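Here's the structure we're looking at; comments come further down.
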Amino acid sequence: MLKSFAAELGNMLAGNIATSLAGENALIDITPPTVIVGNTKMYGFHGAINLPFH
């Protein structure tokens with residue numbers, strides 16, 4: 002349940018930020034949030050926000 006909550010929270014934050022920036026004529030593109038559990042190597046990302054939960 003925590004994983005689902007984290008993904009939805011990220012989705013809501015990114016959507017609100019993107020909407021605000023679009024009002025300022027900024028170009029922004031969002032994608033659905035990715036939840037990573039455990040040790041993982043990711044390729045192809047230009048940037049990310051890490052929100053660790055314990």
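Going by the working numbering, the first residue of the sequence shown is number 2, and it counts up by one from there.
We treat Cβ as the ideally placed atom computed from N, Cα and C, and that holds for glycine.
The structure presented is a predicted model; accordingly, all values stated were derived computationally and were not measured.
Alpha helix (DSSP H) containing Ala7: first to last residue? 3 to 24
Ignore the nearest five residues each way along the sequence and tell me which others in Lys4's own chain have a CB closer than 8 Å to its CB. Val36, Val38.
Determine, using beta carbons only, whether Ile31 and Ala23 come nearer to each other than 7 Å. no
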